[in-house]
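Participant: Per the working numbering: the sequence shown = residues 179 to 588.
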Amino acid sequence: MTAFPCRFCETPLTDRVVDLGMHPLCESFLPEDQLDQMEPFYPLNVWVCPSCFLVQLNEYVEPEDIFTEYAYFSSFSTSWLQHAEDYVAKMADRLGLGSDSMVVELASNDGYLLQYFVERDIPCLGIEPAANVAKDAVKRGVPTDVSFFGEQKGRSLAEQGTMADLVLGNNVLAQVPDLNDFVAGMPLILKPGGTVTIEFPHLMKLLDENQFDTIYHEHYCYFSLVSVEAIFARHGMTIFDVDEIWTHGGSLRIYARHTADDSRPVADAVLELRAREEAAGYRDVATYAAFEERVRETKRSLLEMLSELKREGKTIVGYGAPGKGNTLLNYCGVRTDFLDFTVDRNPYKHGRYLPGTHIPIFPPEKIDEVKPDYILILPWNFKDEILEQMKHAREWGAQFIVPIPVATVV
Numbered sequence: 179m180t181a182f183p184c185r186f187c188e189t190p191l192t193d194r195v196v197d198l199g200m201h202p203l204c205e206s207f208l209p210e211d212q213l214d215q216m217e218p219f220y221p222l223n224v225w226v227c228p229s230c231f232l233v234q235l236n237e238y239v240e241p242e243d244i245f246t247e248y249a250y251f252s253s254f255s256t257s258w259l260q261h262a263e264d265y266v267a268k269m270a271d272r273l274g275l276g277s278d279s280m281v282v283e284l285a286s287n288d289g290y291l292l293q294y295f296v297e298r299d300i301p302c303l304g305i306e307p308a309a310n311v312a313k314d315a316v317k318r319g320v321p322t323d324v325s326f327f328g329e330q331k332g333r334s335l336a337e338q339g340t341m342a343d344l345v346l347g348n349n350v351l352a353q354v355p356d357l358n359d360f361v362a363g364m365p366l367i368l369k370p371g372g373t374v375t376i377e378f379p380h381l382m383k384l385l386d387e388n389q390f391d392t393i394y395h396e397h398y399c400y401f402s403l404v405s406v407e408a409i410f411a412r413h414g415m416t417i418f419d420v421d422e423i424w425t426h427g428g429s430l431r432i433y434a435r436h437t438a439d440d441s442r443p444v445a446d447a448v449l450e451l452r453a454r455e456e457a458a459g460y461r462d463v464a465t466y467a468a469f470e471e472r473v474r475e476t477k478r479s480l481l482e483m484l485s486e487l488k489r490e491g492k493t494i495v496g497y498g499a500p501g502k503g504n505t506l507l508n509y510c511g512v513r514t515d516f517l518d519f520t521v522d523r524n525p526y527k528h529g530r531y532l533p534g535t536h537i538p539i540f541p542p543e544k545i546d547e548v549k550p551d552y553i554l555i556l557p558w559n560f561k562d563e564i565l566e567q568m569k570h571a572r573e574w575g576a577q578f579i580v581p582i583p584v585a586t587v588v
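1. How would you call Thr375, buried or exposed, if buried means at least 16 neighbouring beta carbons within 10 angstroms?
2. Is Thr373 helix, strand or coil by DSSP?
3. Could you tell me how far apart the beta carbons of Val196 and Glu563 are, in whole angstroms, since I believe they sit closer than 8 Å?
4. Could you check where the alpha helix (DSSP H) with Leu449 kicks off and where it finishes?
5. Helix, strand or coil for Ser293? Go by DSSP, reduced to three states.
6. Tell me where the alpha helix (DSSP H) around Phe469 begins and ends.
7. Ends of the beta strand (DSSP E) at Pro221?
8. Which residues in the same chain have their Cβ closer than 7 Å to the Cβ of His397, if we skip the five residues on either side of it in sequence?
9. When the Cα atoms are used, what is the spatial distance from Lys369 to Val316?
10. So Ala342 and Met280 are in contact, right, with Cβ under 8 Å, and what is the actual spacing, rounded?
11. Under the assumption that Arg435 contacts Val420 (Cβ atoms under 8 Å), give the Cβ distance between them as a whole number of angstroms.
12. Could you pull the start and end residues of the alpha helix (DSSP H) that Arg412 belongs to?
13. In chain order, which continuous runs of the alpha helix (DSSP H) of length 4 or greater are located wholly inside the segment 485-558?
14. So who's on the other strand from Asn388, going by DSSP bridges?
15. When burial is assigned at 16 or more other CB atoms within 10 Å of the CB, is Met200 buried or exposed?
16. To the nearest angstrom, how far is it from the Cα of Pro307 to the Cα of Leu259?
17. On the premise that Phe186 lies in contact with Leu593, defined as a C-beta separation below 8 Å, what is that separation, rounded to the nearest angstrom?
18. Going by DSSP, what residue range makes up the beta strand (DSSP E) through Ser607?
19. Would the beta-carbon of Leu273 fall within 8 Å of that of Leu344?
20. How would you call Thr322, buried or exposed, if buried means at least 16 neighbouring beta carbons within 10 angstroms?
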């Protein structure tokens, strides 16, 4: 395979982290009338840059093909809404935001987060490329601009007078193919004393805990603090603080400012995390190469467990239809031979089928009808929320399987 250039620094990529085989787009849920049609599959190979240590995929699909009509609505997770509300309270207090402030969210989805700024009468604007999702945000009273964000969009907003005290982006940085264009837009709309916060799954957690299912075509990049510091520095911003948070199996929330704004020194949390990553080898490509065998072992452990249960005549269903679940099921070759169906709280997915595996998706009540022996939790990062929602399933003796880091019955 010909080496392609790093998305950030353009160094040729020759060091592979993991080969997950061929996969469909993980959010392309199929209606029944498409089950007999050809389904496109693309390679899912992950590479690490030997220069800046950005972990990334090659780009097979234009972002417009993925994000213009999107199946992911943030508001269907209770714990995710609570996370958003807590974030808004924290930022309003920490940054002293009020009715004369301005907040801009990049990839604001269905208004799940900005609705809490609206409740506090803090002016805000969402930028969201998926028109179907943005409609829900507008219904919530969240002003939303349906477009992709980048340097050009940032410049045009600034020219119109939109300058932000807070620019935020939760779980969008990974979904941007042109990283430099996206990050270059942020300082253009950031007031001189403004703050940027960005949340993304932490690469260290992904590698340490075999979270390979968070890899899919919609996520072009996977970030360590080491790699993200270099990206922001190139565009005139300094990361001055960091929180390690629970979302997506372990994420970082970075706080950035204009490098010229020296009113906030770099916190010990940044220095400590950077030192931890360096000590763990995140500036050495050999560290990344060890991941592939651990991923294969996770696959073996899940297939062994499911095979044994099916031989015993047990019924197994899934809970959730997240993007990560589709990577897991397609990589492991789990179809209706192992999983009768899955359920999801998002009505958009009901009556559709998972891409690649064609496992049917039903509303959660279907589990109560069938009373299966085992429930495989596909969005394992919400396992506590799901175990609470489904605690009544223990009445008929159901047990729950968590697939990551290795298949475990809880």
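Each residue gets a CB set at the ideal place from its N, CA and C atoms; glycine is no exception.
Note that this is a predicted model, so its numbers are computed, not measured.
Facilitator: Checking against the coordinates, here is how it stands:
1. buried
2. strand
3. 28 Å between Cβ atoms; not a contact.
4. 446-457
5. The sequence as given places Gln at residue 293; Ser does not occur at that position. Three-state DSSP puts Gln293 in a helix.
6. 469-489
7. 220-226
8. Ala352, Gln353
9. 26 Å
10. 5 Å
11. Going by Cβ atoms, the distance from Arg435 to Val420 rounds to 13 Å, so no, they are not a contact pair.
12. 403-412
13. 501-510, 543-548
14. Beta-bridge pairing links Asn388 to no other residue.
15. exposed
16. 21 Å
17. Shown here, the chain extends from 179 to 588; a query on residue 593 therefore has no answer.
18. Because the chain is modelled from 179 through 588, residue 607 falls outside the range shown and cannot be assessed.
19. yes
20. buried
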